[in-house]
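Protein sequences, first through last, are from chains A and B. In the working numbering, each residue carries its 1-based index in the first sequence increased by 191. In the working numbering, each residue carries its 1-based index in the second sequence increased by 1097. The block underneath contains the structure these notes are about, expressed in structure tokens.
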Amino acid sequence: MMNVYEGTKETGRRKTVKRKSQLASIWTRYKKSQLAMAGLFLLILLIVIAIVAPLLANYEQDAIKQNMPIRLQSPSREHIFGTDHYGRDVFARIIFGARISLSVGLASVFISSILGVLIGSIAGYYGGKIDNLLMRLMDVLLALPSIFLAITIVAALGPGLINLLIAISISYVPRFSRIVRSSILSIKNQEFIEAARSCGTRDRRIILKHIIPNAIGPIIVEATLSIARAIIHVSSLSFLGLGIKPPMPEWGSMLAEGKSYMGSHQYLVIIPGIAIVMSVMALNLIGDGLRDALDPRLKN
Amino acid sequence: MGKYIGKRILMMIPIILGISFIIFGILELTPGDPARNILGDSATNESVEALREEMGLNDPFLVKYFNYVKNALRGDFGTSYKSGLPVLEELKGRLPHSLKLALGSILIVTFLSIPVGIISAVKQYSFLDTVSLIGAFLLTSMPSFWFGIMMILFFALQLKILPATGVTTWKHFVLPSIAMAGLGIAVVVRMTRSSMLEVIRQDYIRTARAKGASESGVIIKHGLKNALLPIITVLGVEFGSMLGGGMIIESVFAIPGIGSMTVDAIRTSNTPLVIASITFSAIAISIINLIVDILYVYIDPRLKSNIKRAGS
């Protein structure tokens, strides 16, 4: 229905008015949920901490450099989260770890959602043989839990930040493409797409301008929940020694290192875990809130 | 019915072949020379080259894959680079531990989550419902390995009532099974609750109550039976990922199962072992999916006529 006569000044204005009001109504519905708002505040807090981390601690001095004389000190005024077995400040490592977890989570989901949207929209829009081929491939990949695919890729490429990013990105593509495909299938036969097509709009434009904006809701929800999942997977792989390599301060590898001292220094395994749980919880709350806000019908 | 099962088994073949092809392809990218790894740095280039030829490492990719599948069908998954034992032997030795762990977890998930989910649905918005939903939410936000570590801290180191590592008695499997069950509990509680909520609003539930059936009879016989399909589905998915997904939990609790073996194999670039164990997981998942599909028919006889119609 909309966008058929786009280009003229008047409809252009109407479009912005409409888009704004839709965003505003989503926000109004989102705001209603206290839990979703709590998640949002928690995430903003974590992002702010990650951004200002260099003001709170020195990366090289506090988080990386070994300082054996002060190793394994319990939390105190000087080191509020204590120090680890190399005498590094746990607080500094946690806040710099937030940078790694959040950025790897965001980046990998960004990459996988773009690839997923690309594959899903091509499959859904064109149908037929392309659809069949792409979706059978995705089915095969979906038959394995995504963490397996990620582990296989890490096994081939070796551990490290970039390889981990590649592994997690690829392993999330099948889910995204499935979701995108199904929402595109439900949209592509509606009248406004037919109208756009009868005006001679090119396929690429129809997909990018008309179909994807209408299918974006489920993609955003899946993306939010996927970042949460990615944070868990990054820390799990690093815990196994297959992810981010020491001495980089990653929460999962901090847990793996702290595990040897957990009998006497519990804080070494408690604190990084709480950091993971808090960020995952924030994203899960936001994801659930967005799902309800974007599609009020789903709420029971 | 037999025809349906046969068809479903045939459908598993391309999926398993596809997965093994993809895994084989990805692991083909592994850097390093396995022949060099086996013989060590002191070996001459000629002997390394001879071993490469013998192992078929110089063949083109498709030939290698074809040979692999051919041998695998005869039960030969290659030999472990590290121990020199056949891969199948290594897997067999480790399978019992992984099976015990996965079975323990799925039992915990089933017998804890379904009752909790039912109570949550029947007493919606009650205190119990809120507690179970908060619990489920916490479990989904917690990495399983941290859940495991926290339990070791509390039950093994603090209270000293359960062992933290090892596999000698059933007690050793309690903590790892709970840790592995964590996420599954959350998923199944939520699914049971939402599925039951949908069912208990149906007219036939009201009819059953009106006839004077006892409340527990209504909930179990009329309610749960109709709500069971989606619950079985997620139970199947969870069991599948438990069977193959022991990598993290087995590492935390030092259980010598297939998962911890896979992690070791990845660390040491022991490719035949990696391929076999991931393919094994894929096969396990496919078999469980098949069992779930067959269970559907027993739970919901209406599906049987659908299958007959589609099959004939």
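Every residue, glycine too, gets a C-beta built ideally from N, C-alpha and C.
Check	Outcome
Burial state of B/E1125, where buried means 16 or more other Cβ atoms lie within 10 Å	exposed
A/D280, DSSP secondary structure in three states	strand
CB-CB length for B/I1203 against B/M1339, believed under 8 Å	6 Å
Straight-line gap, A/G443 to B/I1345 (C-alpha atoms, nearest Å)	11 Å
Distance, B/I1317 Cα to B/T1207 Cα	15 Å
Under 8 Å from the C-beta of A/V281: neighbouring residues of chain B	Under the 8 Å cutoff, chain B gives no residues; its nearest Cβ is about 16 Å from A/V281.
Proximal residues of chain A, C-beta to C-beta of B/S1348 below 7 Å	L431
Per-residue DSSP class, three states only, for A/P440	coil
Within 8 Å, strictly: CB atoms of B/R1191 and B/G1314	no
Endpoints, the alpha helix (DSSP H) within which A/E385 is located	382 to 389
Proximity of B/A1261 and B/I1249 at Cβ, strictly below 8 Å	yes
Buried versus exposed call for A/L399 [16 or more other C-beta atoms within 10 Å across all chains shown]	exposed
8 Å Cβ shell around B/L1185 - same chain, five flanking residues per side excluded	G1172, D1173, F1174, A1373
Inter-residue Cα distance where the pair is B/S1144 and B/Y1165	23 Å
Check whether B/I1119 and A/V331 have beta carbons under 8 Å apart	yes
Cβ neighbour criterion (16 or more within 10 Å) applied to A/D479	buried
Run of the alpha helix (DSSP H) containing B/P1131, from where it starts to where it stops	1131 to 1136
Neighbourhood of A/S429 by C-beta distance below 6 Å, restricted to the same chain and skipping five residues each side	I435, E441, G443, S444
Cross-chain neighbours of A/A347 in chain B, by beta carbon under 7 Å	I1123, L1124, L1126, T1127
Presumed contact (8 Å Cβ cut-off) between A/F367 and A/G307, rounded CB distance	2 Å
Chain B contact residues for A/Q457, given Cβ-Cβ distances below 7 Å	L1250
Backbone secondary structure at B/K1401 - three-state DSSP	helix
Beta-carbon gap between B/M1239 and A/V243 smaller than 8 Å	no
A/S446: contacting residues in chain B (beta-carbon distance under 8 Å)	The sequence shown places Leu at residue 446 of chain A, not Ser. Going along chain B in sequence order, the residues near A/L446 (Cβ under 8 Å) are F1242, W1243, I1246.
Assigned secondary structure, A/P404 (DSSP; H/G/I helix, E/B strand, else coil)	helix
Other residues of its chain near B/D1226: CB distance less than 7 Å, five sequence neighbours each side excluded	S1217, K1220
Within-8 Å CB hit, B/I1328 to chain A	no
Within 8 Å, strictly: CB atoms of B/L1198 and B/F1270	yes
Where the alpha helix (DSSP H) through A/D486 begins and ends	Where A/D486 is concerned, there is no enclosing alpha helix (DSSP H), given that its DSSP letter is neither H nor E.
Residues near A/N354 by beta carbon distance below 7 Å, same chain, minus five either side	V345, L348
Chain A contact residues for B/M1239, given Cβ-Cβ distances below 7 Å	V468
In chain order, each alpha helix (DSSP H) run of at least 4 residues that lies wholly inside the stretch 309 to 339 of chain A	319 to 333
Test: A/G434 CB closer than 8 Å to a CB of chain B	no
B/T1176 - DSSP class collapsed to helix/strand/coil	strand
Neighbour flag for B/V1360 against chain A, beta carbons, 8 Å	yes
DSSP state of B/T1330 mapped onto helix, strand, coil	helix
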